[in-house]
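Chains V and B supply the protein sequences, listed in that same order.
Once you know that position 164 of the first sequence is 164 in the numbering used here, the rest is easy, because the numbers rise by one and skip nothing.
Once you know that position 109 of the second sequence is 109 in the numbering used here, the rest is easy, because the numbers rise by one and skip nothing.
A short worksheet on the structure shown next.
Number of protein chains: 2
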Amino acid sequence: MADPMWRQIAEDLRLKIESGELGGGGRPLPSELELRDEYHASRNTVRDAVKWLTTRGLVETRPGRGTFVVTKIDPFVTELSTGIGAGPGAESSAYISEVGIRRRTAEVSAPRVEIHQAKGLVWDELQVAEGATVVSRHQKRYIDGTPWSLQTTFYPIRLVELGATRIIQAEDMPDGVSAYLEETLGIAHAGWRDRFTVRAPDRAETDFFDLPDDGRIAVFEIIRTGYDDSGDPFRVTITTYPADRNVFVMNVGEVPAEARVDTPGPDG
Amino acid sequence: MADPMWRQIAEDLRLKIESGELGGGGRPLPSELELRDEYHASRNTVRDAVKWLTTRGLVETRPGRGTFVVTKIDPFVTELSTGIGAGPGAESSAYISEVGIRRRTAEVSAPRVEIHQAKGLVWDELQVAEGATVVSRHQKRYIDGTPWSLQTTFYPIRLVELGATRIIQAEDMPDGVSAYLEETLGIAHAGWRDRFTVRAPDRAETDFFDLPDDGRIAVFEIIRTGYDDSGDPFRVTITTYPADRNVFVMNVGEVPAEARVDTPGPDG
DNA sequence: CCGTATTTGTTCGTATGTATT
DNA sequence: CAATACATACGAACAAATACG
C-alpha cells in the first residue's frame, strides 16, 4: 500500500528543504493554508506532515510566525581524558580545558549543595548503606552564555566527617574537589569509571537546556565514579549534555596534536 | 496559562503508567474511545495525549490491538578501551570481549566490501586527496540475534597497493584488519581518536535496528580514526548503535575489577 | 475460512484561541 | 486594531489491522 498522504507530503517537503528550494535564508515555509491548497489536502493533513518534520528535527514551528528550517549549530567539542595524568576533571577552572573549541568562554554557577539519603544509582555506586547520608553539589555550566551541561556530584558524608568540610560549602572550587580531597585527606584519585548513556530529558533538563517539550532531543549522560587507591568509590558525578549540540572526543595512544579536537566536516 | 487538555491527559496517563495503575502485566491501556469518555474529550484529543507518550517512548500503539507500555530492555554494555594495550578492536572475534554482559552471543555478518571515492568526513579524516580511492568494509553486528551495531571501516587504497590485498576480500577477519596490517605491512597501530555523537538515524539504520519511523530514537555514532606510529591516519571506522539499548563504559586508571562493566541500578 | 466486533490510522471539516506582525 | 499564522479542540467517516467465535 502507498504511504499515507501526510507522509508523502512530508517526504516532498523534506526533499524541497534539503535541496534548498524551501526555507532557505531564514525564510519560513509556506503557511499551512498555502500548503493545504498546494497539496489539495486538509489543513490537518499538512499539519501532520509538518509535525513529522518537526519530530525529525528538520523544522520548527512558531505561533504567529511560521515554520522554519532548523539550522544545525556548531557543536561543543569536549575531550574526555583517558589517563590519570590528564586529571579527572576539576570543578570549574580546569574543565574549561575540556572544551576543545577555543574562543569560547565557559562559566559555572555557584554550586547548590544538598544533603540526601543515598538510594538507587548513587547508593549502588558509592557502596554505602542504603539511606546513608550523602552530599551533593549541583552546578549549571555554560559556554558562551548558552546552557551547556548540568552536573551533580555525590560524596559520602564520611568525607566531611573526616575533615573535608569545604565540600558542604556552596562555593565553587576552581581547582576541583578531587584536588582538595587529596590535600586535606590524602585521598588519591586512582581511577574512575565513566558510563555513557543517552536518554530522554527530564523536566529540569528540558527547562535548563530549552529543549522542545516533546522530548525528541535526547540528553547525553555521563556517570563518573571515582575510586581511591584502595579501590573504594568516593564520588559519583552525573553530567548531562543536550545531545544535539555536543561531541565528545577521546584520544588513545599517540594521536597527532593537530587532529585531537578537530571538528568533523560534512558527512560522507 | 494552564496546560492544554491533551497535555493534562498525557500527564495523568504518565502518572498512572509509572505507578503501575495502567498497562501493567502487558495489558493494554484503555482504548481511545474509553479514554475519550473518561476524560470527557474528543477522540482526537486523547490521541494527541497518547501521541505525546509515544514520542517520549513510554508507550507504543499497535493498530487493531491497543496501546501498550514499553518495557525497557536490558542494555548492551560495551567497554571502550583506554589504552593501546587493550587493542583497538578486531573485526569480529575480539570485539565480543567488548561486550560486558556475558551469556550473550555475538555474531557478525560477512563484510560488504566496496570501493569509493573519498569525500566529506572520510576524506577529511584520512587526509587523502579529495576523490582518492578508498576501500570500505561494512558489517552488521548482532547480539543474541538482535541487531546491535552497523560498522563501516574505510582504508586508503594505498594499503592494498602496498600488499595488504586481503582487505578487499569479502571475508571476515576475526583477528582484525589492524593485526593483519601490522603483520603484512608492519603498520603499527600507535593510537586512535574516538569521536562520539548522537544523531537521528538514517533510513538504513531505521531498517536494520527496527527503529520507529518518527526518528525519536537516536543512534549513537562512534567515529574512530586510527593512526600509525608516524602519526598518519590509515583507517576510519564509523560504528552506529541504537541509543535506546546501549551503554558504554570507560575505565581509567585503577578501577576495581568487579565494578568495571556493571549494569546500573535504577536511577536515584 | 469467514464474518463481525474492536481498535488504531487516516482524512476531512469546522470553530475558536493565542502569538506575532 | 486588524490581519496572519500556528495551536487546540471537537465531530465525523472510512480504512486497515487484529481478535474471536
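Ideal placement from N, C-alpha and C gives every residue a C-beta, glycine not left out.
List the endpoints of the continuous beta strand (DSSP E) containing residue i.
i, result
"residue 136 of chain V", "133-143"
"residue 80 of chain V", "76-80"
"residue 128 of chain V", "No beta strand (DSSP E) holds residue 128 of chain V; DSSP gives it neither H nor E."
"residue 194 of chain V", "191-199"
"residue 106 of chain V", "106-108"
"residue 249 of chain B", "246-253"
"residue 67 of chain V", "66-69"
"residue 62 of chain V", "59-62"
"residue 242 of chain B", "233-242"
"residue 115 of chain V", "112-117"
How would you list, in chain order, the residues of chain B whose beta-carbon sits under 7 Å from the beta-carbon of residue i?
i, result
"residue 243 of chain V", "198 and 218"
"residue 19 of chain V", "In chain order: nothing, as chain B lies at least about 17 Å away."
Determine the contact status of residue i and residue j, defining contact as a CB-CB distance below 8 Å.
i, j, result
"residue 135 of chain V", "residue 187 of chain V", "no"
"residue 246 of chain B", "residue 220 of chain B", "yes"
"residue 184 of chain B", "residue 163 of chain B", "yes"
"residue 236 of chain V", "residue 126 of chain V", "yes"
"residue 69 of chain V", "residue 59 of chain V", "yes"
"residue 254 of chain B", "residue 231 of chain V", "yes"
"residue 242 of chain B", "residue 211 of chain B", "yes"
"residue 53 of chain V", "residue 13 of chain V", "yes"
"residue 55 of chain V", "residue 216 of chain V", "yes"
"residue 66 of chain B", "residue 29 of chain B", "yes"
"residue 176 of chain B", "residue 227 of chain B", "no"
"residue 132 of chain B", "residue 156 of chain B", "yes"
"residue 118 of chain V", "residue 128 of chain V", "yes"
"residue 82 of chain B", "residue 82 of chain V", "yes"
"residue 6 of chain B", "residue 48 of chain B", "yes"
My guess is that residue i and residue j are in contact by the Cβ rule of under 8 Å, so how many angstroms apart are they, rounded?
i, j, result
"residue 205 of chain B", "residue 121 of chain B", "The pair is not a contact, with the Cβ atoms about 16 Å apart (cut-off 8 Å)."
"residue 77 of chain B", "residue 249 of chain B", "6 Å"
"residue 142 of chain B", "residue 110 of chain B", "Rounded, the Cβ-Cβ distance is 13 Å, inconsistent with contact."
"residue 41 of chain V", "residue 17 of chain V", "Wrong, their Cβ atoms sit about 18 Å apart, outside the cutoff."
"residue 218 of chain V", "residue 218 of chain B", "5 Å"
"residue 43 of chain V", "residue 34 of chain V", "That belief does not hold up - the Cβ atoms of residue 43 of chain V and residue 34 of chain V are roughly 10 Å apart, past 8 Å."
"residue 138 of chain B", "residue 112 of chain B", "4 Å"
"residue 193 of chain V", "residue 153 of chain V", "So it is not a contact: roughly 15 Å between Cβ atoms."
Just the chain B side, please: which residues come within less than 9 Å of residue i by C-beta, in chain order?
i, result
"residue 63 of chain V", "Near residue 63 of chain V there are no residues of chain B at all, since even the closest Cβ is about 13 Å away, more than 9 Å."
Residue range of the alpha helix (DSSP H) that residue i falls in?
i, result
"residue 217 of chain B", "Note, residue 217 of chain B: premise wrong, no alpha helix (DSSP H); not H, not E."
"residue 11 of chain B", "5-18"
"residue 38 of chain V", "32-39"
"residue 47 of chain B", "43-55"
"residue 203 of chain B", "203-209"
Under 9 Å Cβ-Cβ, which residues of chain V neighbour residue i?
i, result
"residue 191 of chain B", "251, 252, 253, 254, 255 and 256"
"residue 248 of chain B", "194, 195, 196 and 197"
"residue 165 of chain B", "Simply none; closest approach about 25 Å."
Note down, in chain order, every chain V residue with its Cβ under 8 Å from the Cβ of residue i.
i, result
"residue 214 of chain B", "52, 55 and 56"
Please list, in chain order, the chain B residues whose beta carbon lies closer than 8 Å to that of residue i.
i, result
"residue 229 of chain V", "254"
"residue 82 of chain V", "82, 83, 250 and 252"
Handout entry: Segments of 4+ residues assigned as alpha helix (DSSP H) that fall wholly inside the segment 141-186 of chain V
Key = 158-161 and 177-185
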